[in-house]
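Trainee: Here it is: the structure, laid out below.
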Amino acid sequence: CYACIIPQLPTATFGEIRSSCATVPNQDLAFGGQNGVMILSRHPLKNTENWVIPGTWNRRSILSASVELPSGAELDVYCNHLTPIFDDFVFPYTGQYGDGMTGALGWQAEQELQAEKLVAYVNTTNGDRPSVILGDFNTGLAFPAQGIVGEVEETFDLLAAAFTPAYTSDYAPLCTFCSTNPVTNPDDDPEATSVWIDHILLQNFPADSVLSTARIFDDAVVPVEGDMLVPLSDHFGMRSVIVVP
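Here it is as structure tokens:
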């Protein structure tokens, strides 16, 4: 019952929740099983696939596609959104992939399983072609000098062992899920933390392929109450300019 109720709270009325949880199978997925993961391209995509991976409350999937650039180079792209680590009091783990754990460690075990499946999927589908792997990974390293705390660094280490972060050597780390973002922290909670969890990763690229890196979509441009403006999202974006061999 808990796993059915919680994912529906953002969008459903109490009456709808009561009805669906009692009568409709598979109602333990938020947003009717949709997850918002997408790939947008200026060039035609081919070999597209939506591969569903293990996930609790939200349907988790890896989108993949190939694209032939005007230069003739071929590129594979993978987009994903891994499970976040929820507070074990508010959102105890109720899934099947937590190695028997019910708290934050259950969510972490699920996330690490997803990361392992992502690595294996890329390795078996890209045929040694240059590949870009990107999305909200809900994992990242700590950078204390920049006020960034770590988020499940073990998962990021797993990914970094298989892929190369697509950032220039002189890029100064910036958070992408930030306590200074009013969408993320509307009450200006002084205890809120900032993390860098949105990443661009590469495989089968030369070491000097990344020309520039920047955080984007961090300006306050969306009008809300009164004269207040907020950024487009609770997450800021990342952009890297990359030379495809």
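Heads up, the working numbering is the position in the sequence shown plus 860, with the first residue counted as 1.
Beta carbons are placed, not taken as given, at the ideal position from N, Cα and C, and that holds for glycine.
#1: Quick check for students: name the residue ranges of the alpha helix (DSSP H) that lie wholly in the region 931-1009, counting only runs of 4 or more.
#2: For Glu-976 and Leu-1018, I'd like the C-alpha separation in whole angstroms.
#3: Got a sec, what are the start and stop residues for the beta strand (DSSP E) Asp-1058 sits in?
#4: Check whether the Cβ atoms of Thr-1040 and Arg-1075 lie closer than 8 Å to each other.
#5: Under 8 Å Cβ to Cβ from Gly-963, same chain only, skipping five residues before and after it: list those, please.
#6: Nearest to Gly-1007 by alpha carbon, out of Tyr-1027, Asp-996, Ala-1032?
#7: Arg-902 and Ile-913 look like a contact to me (Cβ under 8 Å); what is the Cβ gap, rounded to whole Å?
#8: Exposed or buried, what is His-1015 when buried is set at 16 or more other beta-carbons lying within 10 Å of its beta-carbon?
#9: Within 10 angstroms of the Cβ of Phe-1065, are there 16 or more other Cβ atoms? Answer buried if so, exposed if not.
#10: What do you reckon, are the CB atoms on Gly-1086 and Asp-1058 nearer than 8 Å?
#11: If I measure Cβ to Cβ from Gly-1010 and keep anything under 6 Å in the same chain, skipping five residues before and after, which residues do I get?
#12: For Thr-1106, collect the residues of the same chain with a Cβ closer than 6 Å to its Cβ; drop the 5 residues on either side in sequence, then sort them by chain order.
#13: How many angstroms separate the CA atom of Ala-1005 from the CA atom of Ser-879?
#14: Using 10 angstroms around the beta-carbon of Pro-867, count the other beta-carbons present and answer buried if the total reaches 16, otherwise exposed.
#15: Just the Cα atoms here: how many angstroms apart are Ser-1029 and Thr-985?
#16: Helix, strand or coil for Pro-914, going by three-state DSSP, please let me know.
#17: Taking only three categories from DSSP, how would you classify Thr-908?
#18: If we count the other Cβ atoms within 10 Å of its Cβ and call it buried at 16 or more, is Cys-1038 buried or exposed?
#19: Relative to the alpha-carbon of Trp-917, which residue among Met-898, Gly-893, Val-927 has its alpha-carbon at the smallest distance?
#20: Could you check what DSSP says for Pro-867 in three-state terms: helix, strand or coil?
#21: Leaving out the 5 sequence neighbours to the left and right, which residues in its chain are closer than 7 Å to Ile-922 when beta-carbon positions are compared?
#22: Which residues does DSSP pair with Ala-1074 in a beta bridge?
Mentor: Let me spell this out:
#1: Assignment of alpha helix (DSSP H) within the region 931-1009, counting only whole runs of 4 or more residues, yields 964-985 in chain order.
#2: Cα to Cα, the separation comes out at about 8 Å.
#3: 1058-1063 is the extent of the beta strand (DSSP E) around Asp-1058.
#4: No, these two residues do not count as a Cβ contact at 8 Å.
#5: Once the five neighbours on either side are set aside, the close Cβ partners of Gly-963 are Asp-948, Pro-952, Tyr-953.
#6: The shortest C-alpha separation from Gly-1007 is found at Ala-1032.
#7: That belief does not hold up - the Cβ atoms of Arg-902 and Ile-913 are roughly 28 Å apart, past 8 Å.
#8: Looking at the sequence provided, one finds Thr at residue 1015 rather than His. By the neighbour-count rule (16 or more Cβ atoms within 10 Å), Thr-1015 is buried.
#9: That one is buried.
#10: Result no, Cβ atoms of Gly-1086 and Asp-1058 do not sit closer than 8 Å.
#11: Leu-1001, Ala-1002.
#12: The requested residue 1106 does not occur in the structure, where the chain is confined to residues 861 to 1105.
#13: So the alpha carbons of these two residues sit roughly 50 Å apart.
#14: Per the 10 Å Cβ criterion, buried.
#15: One alpha carbon belongs to Ser-1029, the other to Thr-985, and they sit about 29 Å apart.
#16: The answer is coil: DSSP assigns Pro-914 none of H, G, I, E or B.
#17: In this structure, Thr-908 counts as strand in the three-state DSSP scheme.
#18: Cys-1038 is classed as buried because its beta carbon has at least 16 other beta carbons within 10 Å across all chains shown.
#19: Comparing Cα positions, the closest option is Gly-893.
#20: Helix.
#21: Trp-911, Ile-913, Tyr-938, Asn-940, Leu-978, Tyr-981, listed in sequence order.
#22: In the DSSP assignment, the residues bridged to Ala-1074 are Arg-1099.
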